[in-house]
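Participant:
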Amino acid sequence: METKEQAKLIAKALDDKKGLDIKIIKISDVSVLADYMVIATGTSSTHVKALADEVEYQLDEAGFSVSHIEGHRGNGWILLDYIDIIVHIFDDDSREYYDLERLWEDGTVIEFDDMD
Numbered sequence: 863m864e865t866k867e868q869a870k871l872i873a874k875a876l877d878d879k880k881g882l883d884i885k886i887i888k889i890s891d892v893s894v895l896a897d898y899m900v901i902a903t904g905t906s907s908t909h910v911k912a913l914a915d916e917v918e919y920q921l922d923e924a925g926f927s928v929s930h931i932e933g934h935r936g937n938g939w940i941l942l943d944y945i946d947i948i949v950h951i952f953d954d955d956s957r958e959y960y961d962l963e964r965l966w967e968d969g970t971v972i973e974f975d976d977m978d
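Every number in the working numbering is 862 more than the matching position in the sequence shown, counting from 1.
(1) Could you check the C-alpha separation between Tyr944 and Thr903 for me, to the nearest Å?
(2) Which of the three DSSP states is assigned to Asp978 in this structure?
(3) Give the DSSP-derived three-state secondary structure of Ala902 in the structure shown.
(4) Would you kindly report the start and end of the unbroken alpha helix (DSSP H) that includes Ile872?
(5) Going by alpha carbons, who is nearest to Ile886 out of Thr908, Ile951, Ser956?
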């Protein structure tokens, strides 16, 4: 599975669990950190955890294990590091505070429905 398809799988997992404002940002042209960043918002700390759990489950099923997890599962932010893809799941306040879309504005935002 290509990295682009993996990012789409992550976005779909987030969408399936009712993640909000899902963004895929291609950052490979502006950073060596990763190829893609996927950002989503959950409605509560419980929802943020459920979104992260769903991404982990779906990617494990596809044969991809998370390399590293940051953030606290009771908090408003979780980061899942899949080496070539970094997934950020926030509650509303944390997403506004960190404003990753602004920090990575030189990347290319990709609508996950348009990734085919």
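Built from N, CA and C at the ideal position, the CB exists for glycine as well.
Facilitator: Result, derived from the coordinates:
(1) Distance between the alpha carbons of Tyr944 and Thr903 is about 19 Å.
(2) For Asp978, the predicted model reports a pLDDT of 46, less than 50, meaning its position is unreliable and no value from the coordinates is stated.
(3) The DSSP-derived three-state label of Ala902 is strand.
(4) 865-878
(5) For the residues Thr908, Ile951, Ser956, the minimum Cα distance to Ile886 belongs to Ile951.
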